[in-house]
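In our numbering, the protein residues as written are 0 to 492.
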């Protein structure tokens, strides 16, 4: 048991031992003497001596036989002592006059001059490089900057006392001035907007998650009262002539490129001689996104694009797949189209009266099944109907840049890549790539920036998710990732 106390630099107190303890003592006293007007404590000394003697003798005998329970009680007392010291440390951090006293970052906080917390903002910035640009580009009157070095500790895996020993967390707590945990007092909060500003890459996302975990566990009232925000810096800068446009993400870039195609007089020439321009072209490009998703779904079953386009053009219908003659006719078309490149045969599906076409690549020996699962899919039905109206190859042209499009999977891709070739596009890898003026204009200027307020809609669910994703247990996290991995879009790795 004594080994457990090594985690403490000093012994625990009686208060630590009694924390959370509930006992019922029934005593009958002729002349009770109470301490205070509330009569919350009996003061008769003779009663105290008798109760202490009886309880002590019993506990000595009990713990002599039940060392395991004694160990649990001591562990509980140690945890209470560590929590008490952590709370004391948090109060000491807040009491200090200098926000960063006793941290290794004495000159890192660039404070603002405004004294009204309601008008003040604190930016928690990833890295010294971006922190330097933010300090130069900010509004010094209302905006304070605290650069953070590296990744802060994962508070989900450590006790509060260890978390508050982390230099970056000490700096944040000191700067905010409102305490942590049970001692949070929002009246002392020095900034009513706390803004997390990290890069748009995986490291930035991890740092942001670590900070959100810290705020959720130790500074929940800040979130509940709407004081915590996430900055949304742009991912792209597009130069058009002498003017720069800042775009938040891939979705905004795509929208910009589509509009640029129309603005610059882009043309899509179809095999029948028809030319799509303007709104008609834009509508077709937007429709192409849905077609591309369907095409990708079919590519998982037939990876050869020439073969896939021919299968789409066959116009297969599930109602006719029980007609052997119909299926054999379609198989014959494939043989005529590809010759010796593929071996094509027709066979009956197992446990069914439907027929399927089996195609084998004679070079790679890959086998493709053109069966009811494929023909009856939403993706195939969509592309089959579209193929009746849309033929390939098409030719797309904008600003003297020309691309040939040979299948449904290339429409959107070729149009956007051709449009990109007419513009100067920069993808920001980090905030440090922006100069102070760009950082102010895109991320810090209240008139033009984008902020996302952090809220807690379901505290219990949020608690569970933080425990799963940031806690020490690996298996629940593995199960969570396996369950939701298929829903991930635009993974930036």
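The C-beta atom is built at its ideal place from N, Cα and C for all residues, glycine as well.
Rounded to whole angstroms, what is the Cα-Cα separation between residue i and residue j?
{"i": "residue 321", "j": "residue 352", "result": "6 Å"}
{"i": "residue 115", "j": "residue 193", "result": "14 Å"}
{"i": "residue 63", "j": "residue 15", "result": "22 Å"}
{"i": "residue 66", "j": "residue 84", "result": "27 Å"}
{"i": "residue 11", "j": "residue 71", "result": "14 Å"}
{"i": "residue 255", "j": "residue 414", "result": "12 Å"}
{"i": "residue 354", "j": "residue 395", "result": "39 Å"}
{"i": "residue 57", "j": "residue 220", "result": "44 Å"}
{"i": "residue 455", "j": "residue 215", "result": "9 Å"}
{"i": "residue 526", "j": "residue 167", "result": "Residue numbering for the chain in the displayed model covers 0 to 492; residue 526 lies beyond these limits and cannot be assessed."}
{"i": "residue 47", "j": "residue 54", "result": "11 Å"}
{"i": "residue 78", "j": "residue 222", "result": "27 Å"}
{"i": "residue 59", "j": "residue 162", "result": "37 Å"}
{"i": "residue 384", "j": "residue 378", "result": "10 Å"}
{"i": "residue 113", "j": "residue 82", "result": "35 Å"}
{"i": "residue 188", "j": "residue 227", "result": "12 Å"}
{"i": "residue 243", "j": "residue 129", "result": "20 Å"}
{"i": "residue 100", "j": "residue 175", "result": "With a pLDDT of only 41 at residue 100, under the threshold of 50, the placement of this residue in the model should not be trusted; the figure read from the coordinates follows. If I take the Cα positions, the gap works out to 13 Å."}
{"i": "residue 433", "j": "residue 417", "result": "27 Å"}
{"i": "residue 443", "j": "residue 182", "result": "31 Å"}
The beta strand (DSSP E) spanning residue i covers which residue range?
{"i": "residue 230", "result": "227 to 230"}
{"i": "residue 344", "result": "341 to 347"}
{"i": "residue 143", "result": "142 to 147"}
Excluding the 5 residues preceding and the 5 following residue i in the sequence, name in chain order all residues of the same chain whose CB lies nearer than 6 Å to its CB.
{"i": "residue 211", "result": "none"}
{"i": "residue 213", "result": "154"}
Since residue i contacts residue j with CB under 8 Å, what's their CB separation in whole angstroms?
{"i": "residue 144", "j": "residue 170", "result": "About 12 Å separates the two Cβ atoms, so there is no contact after all."}
{"i": "residue 361", "j": "residue 341", "result": "6 Å"}
{"i": "residue 33", "j": "residue 27", "result": "The Cβ separation is near 15 Å, so there is no contact."}
{"i": "residue 132", "j": "residue 438", "result": "5 Å"}
{"i": "residue 307", "j": "residue 297", "result": "6 Å"}
{"i": "residue 370", "j": "residue 348", "result": "6 Å"}
{"i": "residue 494", "j": "residue 233", "result": "Here the chain comprises residues numbered 0 to 492, so residue 494 is not present and cannot be evaluated."}
Under 7 Å Cβ to Cβ from residue i, same chain only, skipping five residues before and after it: list those, please.
{"i": "residue 150", "result": "205, 206 and 209"}
{"i": "residue 420", "result": "400"}
{"i": "residue 405", "result": "391 and 392"}
{"i": "residue 261", "result": "277, 280 and 281"}
{"i": "residue 301", "result": "307, 310 and 367"}
Return the chain-ordered list of same chain residues with a C-beta closer than 8 Å to the C-beta of residue i, the five sequence neighbours on each side being excluded.
{"i": "residue 13", "result": "none"}
{"i": "residue 382", "result": "290, 293, 294, 297, 311 and 407"}
Taking the continuous alpha helix (DSSP H) assigned at residue i, which residues delimit it?
{"i": "residue 437", "result": "435 to 438"}
{"i": "residue 281", "result": "277 to 298"}
{"i": "residue 123", "result": "Counting along the chain, residue 123 falls outside any alpha helix (DSSP H), though it belongs to the beta strand (DSSP E) covering 120 to 125."}
{"i": "residue 219", "result": "219 to 223"}
{"i": "residue 325", "result": "323 to 337"}
{"i": "residue 385", "result": "377 to 386"}
{"i": "residue 374", "result": "371 to 374"}
Examine chain D for any beta-carbon lying closer than 8 Å to the beta-carbon of residue i, and answer yes or no.
{"i": "residue 14", "result": "Annotation note: the requested chain D is absent from the structure, which comprises a single protein chain."}
Contained beta strand (DSSP E) runs [length at least 3] in the stretch 403 to 427, N- to C-terminal order:
423 to 426
Whole alpha helix (DSSP H) runs in the stretch 9 to 35 with 4 or more residues, listed along the chain?
13 to 17
Whole alpha helix (DSSP H) runs in the stretch 236 to 275 with 4 or more residues, listed along the chain?
249 to 262
What ranges does the alpha helix (DSSP H) occupy inside the stretch 33 to 78, keeping only unbroken runs of at least 4 residues that lie completely in it?
44 to 64
Which full runs of the beta strand (DSSP E) of 3+ residues lie inside the stretch 168 to 211, going along the chain?
192 to 196
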